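Reviewing the structure listed below.
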Amino acid sequence: MATQQTRSLARFMMAPSVVLLLVWMAIPLALTLWFSFQQFNPLNPIHDGFVGFSNYALFWSNPAFLQSILNTLTLVISVLLITVIGGILLALLIDQPMWGQGIVRILVISPFFVMPPVAALVWKNMIMHPQYGVFADIARFFGAQPIDWFGQHPMTAIIIIVAWQWLPFATLILLTALQSLDGEQKEAAEMDGAGFISRFIYLTLPHMSRAITVVILIQTIFLLSVYAEILVTTNGGPGYASTNLPFLVYQKALLEFKIGQASAGGVIAVILANIVAFFAMRAVGKNLDK
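Residues in the sequence shown are numbered consecutively from 1, following full-length UniProt numbering.
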């Protein structure tokens, strides 16, 4: 058991890192909050000044705002469904004894180490290109018309790219949880006559529930800030069909130079992310307490 003296020493040793982290976070957040109440355009600084909550009102009334919220939620929910379900299936598959099991596992997790812009470029120019892509060649092979993914189904294309990147992460976490399952429990279930589906529903899935919750929490935080894949592939279009909240903030800041509205959008994004994280943390806490 740790004594009061060791606890105090641990707090003292951690204090510099905690203070540095708080400063690292607090200064950009404070500047963003300050700019959200200012009318600031770097190309026309004459009209600078305090404008109150008008930036928030303008950002909120933007026709793309509600669409960006819907696209953000669609992206997060869709990728979570694909990665969690696909991660469970892949974890069950590569947990089976097979030849070259180590190589297979490395290949499965390798997409996670590809930088998002690079992955998006590969998917855009080599896989989903309507004329020269792999999908187009497959469609022509079967006598079908190739699909212009980024023109006709932009959100679907981005969901596929982002899910491809995050599926290895989910698989790795879920495989670790799967391998921690006691073999004696599985043998006992088999001796009792439980089939594969029964063992999965009543034994394997409950054992993996904590890992599934952690995967959902971590991925949700990162998926709320997806930006590079949209910039490289669709640039938010056609129209606002693939514009999410982070990309809308980018448009206001670096394309329209409306720093005040972009800062207001950043504050709104932080608030929404914290609301999602709050409920996700409560779900994680309840799950871990079981």
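All C-beta atoms, glycine included, are put in the ideal place defined by N, C-alpha and C.
For clarity, every value in this text was computed on a predicted model and none was experimentally measured.
Beta carbon of residue i nearer than 8 angstroms to that of residue j
i	j	result
leucine 248	serine 78	no
alanine 139	isoleucine 147	yes
phenylalanine 65	valine 51	no
proline 117	valine 232	yes
alanine 120	alanine 241	no
proline 111	glutamine 165	yes
isoleucine 160	valine 215	no
leucine 178	threonine 213	no
threonine 32	valine 267	yes
Those residues which DSSP pairs with residue i across a bridge
i	result
glutamine 38	Phe50
Cα-Cα separation, residue i to residue j
i	j	result
alanine 163	glycine 260	33 angstroms
alanine 15	isoleucine 82	40 angstroms
methionine 1	phenylalanine 12	Unreliable positioning characterises methionine 1 in this predicted model, as indicated by a pLDDT of 47, which lies under 50. A coordinate reading is not provided.
isoleucine 218	histidine 129	31 angstroms
tryptophan 60	glycine 151	27 angstroms
threonine 171	leucine 92	9 angstroms
methionine 155	isoleucine 230	9 angstroms
isoleucine 109	isoleucine 85	16 angstroms
glycine 236	asparagine 71	10 angstroms
proline 206	methionine 25	37 angstroms
leucine 21	proline 63	36 angstroms
tryptophan 149	alanine 10	54 angstroms
phenylalanine 40	isoleucine 27	18 angstroms
residue 296	glutamine 131	Residue 296 falls outside the range modelled here, since the chain spans only 1 to 290, and no answer is possible.
serine 209	glutamine 145	42 angstroms
Segment contact, 8 angstroms Cβ cut-off, at least three pairs: the stretch 90–104 with the stretch 265–275:
As far as the Cβ criterion goes, the stretch 90–104 does not touch the stretch 265–275, which means the pair count is below three.
Segments assigned alpha helix (DSSP H), at least 4 residues, entirely inside the stretch 83–152:
Runs found: 101–109, 116–122, 134–141 and 149–152.
Residue ranges of each alpha helix (DSSP H) run of no fewer than 4 residues wholly in the stretch 242–271, ordered along the chain?
245–250
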